[in-house]
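Under my numbering, the first residue of the sequence shown is numbered 23, with each subsequent residue one higher.
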Amino acid sequence: MNTTRRGLNGESRALAYLESRGQRLVARNYRSRHGEIDLITREPAHLHFVEVKNWRMGEENLEYAIGKTKRRRIIHTAEDFLARNHAFAADEKQYDVIYLKNDGQVVRYLPHAFEGGHS
């Protein structure tokens with residue numbers, strides 16, 4: 023399976039997991055000049071910007087998957103999304119990460135994985 027197909031498959035599995043927790047899809051693969059957010063989901067008055075990682079290494083290395091530069095790109099892309107979608111302005115925002123094994127099984131869901139704002 024190529025990288026693109028593995029990524030899309032992982033995003034679909036992550037979305038199914040989030041939907042089972044009561045979230046609904048707002049946008050998938052949202053792109054701006056800053057970068058891309060894999061999934062944007064919502065539960066009542068709560069907006070989730072979700073990074074999906076298909077992680078090949080052991081769980082012990084998950085903290086290295088999302089570095090400072092990647093976090094900054096996600097935050098700026100989220101700010102772009104919010105500037106274009108005023109309907110979500112009052113929602114509480116959070117940045118989540120979902121880690122999957124190569125087979126697409128959810129390994130760990132980290133809500134509030136990092137804080138928004140400029141770093």
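In this text, a Cβ means the ideal position worked out from N, Cα and C, and glycines have one as well. All values derive from a computational prediction rather than experimental measurement.
DSSP-derived helix/strand/coil call for residue i
i: residue 68; result: strand
Candidates the options, of which the one nearest residue i by Cα
i: residue 71; options: 113, 124, 129, 27; result: 113
i: residue 134; options: 102, 115, 124; result: 115
i: residue 117; options: 34, 38, 33, 94; result: 94
i: residue 56; options: 100, 128, 119; result: 100
Host beta strand (DSSP E) of residue i (start-end)
i: residue 120; result: 114-122
i: residue 134; result: 128-136
i: residue 46; result: 46-54
Span of the alpha helix (DSSP H) around residue i
i: residue 100; result: 90-106
Beta-carbon proximity check, residue i vs residue j, cutoff 8 Å
i: residue 61; j: residue 50; result: yes
i: residue 110; j: residue 52; result: no
i: residue 121; j: residue 90; result: no
i: residue 47; j: residue 37; result: yes
Check: residue i C-beta below 7 Å from any heavy atom of the ligand GTP
i: residue 57; result: This structure simply doesn't include the ligand GTP, nor any ligand for that matter.
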